[in-house]
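**Student:** Residue numbers (full-length UniProt numbering), protein chains in the order written: chain A, 1 to 340; chain B, 1 to 354.
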Amino acid sequence: MTGTSGRSSLIGRNLLAGAEPDVAGDAGHQGHPPRAGFFTDTSVCIGCKACEVACKEWNAIPEDGLDFTGMSFDNTQGLGASTWRHVAFIEQNKPLGRTEVAVDHGDVDVLALASQGSGTPVEQAAITPTSPAPAPSQDGQTGLRWLMASDVCKHCTHAACLDVCPTGALFRTEFGTVVVQDDICNGCGYCVPACPYGVVDVRPEDGGAHKCTLCYDRLGAGQEPACAKACPTDSIQFGPLDELRERAAARVEELHRLGVEDARLYGHDPEDGVGGDGAFFLLLDEPEVYGLPPDPVVTTRDLPSMWRHAGAAALTLLGGVAAVFAAQAGVSGRRTGRRR
Amino acid sequence: MSESDVTRDGVRGERPGRDALVGRGMGDGERPGGKRRGRKGGTGRRGDQPMVPRAEFTSYYGRPVLNPPTWQPRDIAGYFFLGGLAGAGSVLAAGAELTGRPGMARALKVSSLAALTGSTAALIHDLGRPRRFAHMLRVFKPTSPMSVGSWLLAAYGPVAGAALASDLTGRLPRAGRAATVAAALLGAAVASYTAVLAADTAVPAWHDGYRELPYLFVGSAATAAGGMALLASPVAENAPARGVALLGTAVETAAVKAMERRLGVVAETYREGRAGRLMRTAEALSATGALGGALLGRRSRTAAALSGAALLAASACTRFGVFHAGMRSAKDPKYTVLPQRERLEARRERPREG
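1) For residue 133 of chain B, which residues from the same chain have a beta carbon less than 7 Å from its beta carbon, with the 5 sequence-adjacent residues on both sides left out?
2) Check whether chain B comes within 7 Å of residue 52 of chain A, counting only Cβ atoms and requiring the distance to be less than that.
3) Is the beta carbon of residue 185 of chain A sitting closer than 7 Å to the one on residue 168 of chain A?
4) With 7 Å set as the bound, which would you pick, yes or no: does the beta-carbon of residue 201 of chain B sit closer than that to a beta-carbon of chain A?
5) Comparing alpha-carbon positions, which option in B/327, B/196, B/192, B/63 lies nearest residue 267 of chain B?
6) Taking beta-carbon pairs under 8 Å, can you tell me which members of the region 156-184 of chain B lie near chain A?
7) If you follow the beta strand (DSSP E) that residue 194 of chain B is part of, which residue opens it and which one closes it?
8) Tell me the residue span of the beta strand (DSSP E) that contains residue 177 of chain A.
9) What residues from chain B crowd round residue 107 of chain A, counting only those whose CB sits closer than 7 Å?
10) CA-CA distance, residue 315 of chain B and residue 321 of chain B?
11) Under 8 Å by Cβ, that's how I've got residue 299 of chain A and residue 70 of chain B pegged, so tell me the actual separation to the nearest angstrom.
12) For the region 188-237 of chain A, list the alpha helix (DSSP H) runs that are entirely contained and at least 4 residues long, ordered along the chain.
13) Step through the CB atoms of chain B and report whether any lies within less than 7 Å of the CB of residue 196 of chain A.
14) Below 8 Å on the Cβ atoms is my guess for residue 161 of chain A versus residue 200 of chain A; work out the distance and round it to an integer in Å.
15) Any beta carbon from chain A within less than 7 Å of residue 82 of chain B's own beta carbon?
16) Quick check on the burial criterion: 16 or more other C-beta atoms within 10 angstroms. Buried or exposed for residue 233 of chain B?
17) Pick from A/52, A/192, A/31: whose alpha carbon is nearest that of residue 331 of chain B?
18) Determine whether the Cβ of residue 192 of chain A lies closer than 7 Å to any Cβ atom of chain B.
19) Got a sec, what are the start and stop residues for the beta strand (DSSP E) residue 126 of chain B sits in?
20) Considering only DSSP beta bridges, list what residue 92 of chain A is partnered with.
21) Buried or exposed: residue 49 of chain A, going by 16 or more other Cβ atoms within 10 Å of its Cβ?
22) To which residues does DSSP link residue 264 of chain A through a beta bridge?
23) Given this structure, state the Cα-to-Cα distance separating residue 206 of chain B from residue 257 of chain A, to the nearest angstrom.
24) So what does DSSP say about residue 76 of chain A, is it helix, strand or coil?
25) Name the chain B residues that come within less than 8 Å of residue 243 of chain A, Cβ to Cβ?
26) Less than 7 Å between the beta carbons of residue 245 of chain B and residue 305 of chain B, yes or no?
27) So which of A/195, A/177, A/64, A/249 has the shortest CA-CA distance to residue 217 of chain A?
28) Of the choices B/58, B/80, B/61, B/73, whose alpha-carbon is the least far from that of residue 224 of chain B?
29) If you measure between the beta carbons of residue 160 of chain B and residue 116 of chain B, is that distance less than 7 Å?
30) Roughly how many angstroms lie between the CA atoms of residue 172 of chain B and residue 96 of chain B, to the nearest whole one?
31) Taking beta-carbon pairs under 9 Å, can you tell me which members of the UniProt domain "4Fe-4S ferredoxin-type" (144-175) of chain A lie near chain B?
32) In terms of residue numbering, what span does the beta strand (DSSP E) encompassing residue 37 of chain A cover?
33) For residue 168 of chain B and residue 318 of chain A, what's the separation of their Cα atoms in angstroms?
34) Compute the Euclidean distance between the alpha carbons of residue 180 of chain A and residue 262 of chain A, then round it to the nearest angstrom.
35) What does a CB cutoff of less than 6 Å around residue 98 of chain A pick up in its chain, not counting 5 residues either side in sequence?
36) Below 8 Å on C-beta distance, what does residue 343 of chain A contact in chain B?
And the structure:
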């Protein structure tokens, strides 16, 4: 980013895009605590949705629709005004092995099978209750897999929702997180399309914008957020962002060593399009598989250029209209001149 | 959400290709014929939605990556149209007043104030909490085009009102003229800032066109104001209106073409579906109106009025077209994922310098 900092910085600082080491300090907080965040390690997520429930309970979020989607085991569908945690559930259709149906089992000695542990001899079975997991094939895959990931507001370093909010309802807390003040929000909805991740939304019932606060109230009382507290596998880890980034780097290295080559971090890089996420992820496939944008960019990165183009367009309008009137004056001047 | 039904003849409208695989169906072999009889023929609309909607990109069950704007088309596209009509109208009104065309100047001052009132009403109506519209002026934020726009309207409204009041009452003519000129300067900003309002979002069809969108918007605004001037001013004074309509149409058309070239796959959203129909209608109407006005506008009052109406309709169609293109690009993950993938690939091939 150093090469482009001239474009993206304002008064010598990366206020609109790029790495920003002291996000709460730049927002005016002095003597603030370290930046808090989430590291969501999807490799240990079991899709239990305890985070969704804990979030709803703690934050008293209303019901968000009782739909049956028919897609995987996910009826929550996505983040929104009344859904601040969303567990994505991806079934990847990779067949596990072969079975035969309608086979005559008349000659099978079930007691022998019971001692064996399975109807299929262990050496032939792809997987049995008592057999060890099959060795990965050449590409490291074991077949059908379920990917589960608990999605949440990213609390971006450069938060477009906060930048475009016209009322100042969205603000940066001393923990470096982004929170909507419900008593200020007038429901203009500008933050909704500004978010490159599709997180914040307007709740039709009250007309206001809502999203994850990273449990601002619990943080203030020295408690970890409800979702992290409830997560039974520590898939959701809460802590100071610097520490989480170190832990995540070690984790992804360990997974690579174990042969899980798909593992990659998402949103951890302070040089990315949003200056790094306050809530970042360890994923096992491309981000778009989980419904995440592969290369999000904070929209206000281009805002100085947008204002320049708009200024030029406004001058074009003024100049163009002036030119038309001037040309007409010339024409009518010549006409009246002839008439005289 | 699911539209599948269990009937006497089997399951209808289930999602094809999503059956759990058992028996002979497992593995690399073909599914034995006839095994799925009675489960085919599902006509459910949702059922036809494949896990990966179209080739070349992946998504989470076809669900949008972005949350689409909650804005209502009539309010926000209407606001774009009325804001443009008001802003560019004030520019034209100043030109008319300074060149001795009082009829045209007054007509445009009236239309600008009316359009401004309408656009403000649309903006307030679109708020989730309309009673808190005054919160727009709580702070001034250059990073928020909506904040900048609110202040712009707060300055422009009284000035445009004063210009009209002076014109109608004949009082304070010098102050009235100053207000007319100030309204023209602010009006040009009102007509162009709405493009930044749309572009400063993650909506691909708007953001990725941020370079061309301001020209498209001022072009469309000039088309509308030229149309209004043709419609409402005396034939003897409408010559500049015809010129402005031609100019606006030309700028708007050129901006649309340039933007579509830049947008790549996202340009589909401006060419197809409802947005595509609106953009094509706008093009036809503005060409008809601009040419009709230029050729017949000086002879016939009726022809001038009809041309003006066509130009106004063209501008409205453009704004609704841009709005719907944006909505479509936000709702289809393809338009979020594909351009970002391309960007990533390009960056991977050309490693970052420094």
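Where a beta carbon is used, it is the ideal one built from N, C-alpha and C, also for glycine.
**Tutor:** If we stick to the structure as given:
1) 124, 127
2) Put simply, the CB of residue 52 of chain A is far from chain B, with every gap to its CB atoms at 7 Å or more.
3) no
4) yes
5) B/327
6) 184
7) No beta strand (DSSP E) holds residue 194 of chain B; the alpha helix (DSSP H) holding it covers 173-199.
8) Residue 177 of chain A -> no beta strand (DSSP E), and no H or E assigned at all.
9) Ordered by position in chain B, no residue passes the 7 Å Cβ test against residue 107 of chain A, which lies about 20 Å from the chain.
10) 10 Å
11) Not quite, the Cβ-Cβ distance comes to about 17 Å (not below 8 Å), so this is no contact.
12) Unbroken alpha helix (DSSP H) runs of no fewer than 4 residues, entirely contained in the region 188-237 of chain A, are found at 191-194, 216-220, 226-230, following chain order.
13) yes
14) So it is a contact: roughly 5 Å between Cβ atoms.
15) no
16) buried
17) With distances taken between Cα atoms, residue 331 of chain B lies closest to A/192.
18) By this cut-off, residue 192 of chain A is an interface position.
19) No beta strand (DSSP E) holds residue 126 of chain B; the alpha helix (DSSP H) holding it covers 102-126.
20) A/145
21) buried
22) A/283
23) 43 Å
24) coil
25) What residue 243 of chain A touches in chain B: nothing, since even the nearest Cβ is about 27 Å away.
26) no
27) A/177
28) B/80
29) In contact: residue 160 of chain B and residue 116 of chain B (Cβ atoms closer than 7 Å).
30) 19 Å
31) 144, 160, 162, 163, 164, 165, 166, 167, 168, 169
32) 36-41
33) 25 Å
34) 35 Å
35) Low confidence applies to residue 98 of chain A: its pLDDT is 36, below 50, so where it sits in the model is not reliable, and the reading given next is rough at best. Excluding positions up to five away in sequence, the list is empty.
36) The structure shown does not extend to residue 343 of chain A, since chain A spans only 1 to 340, so no value can be given for it.
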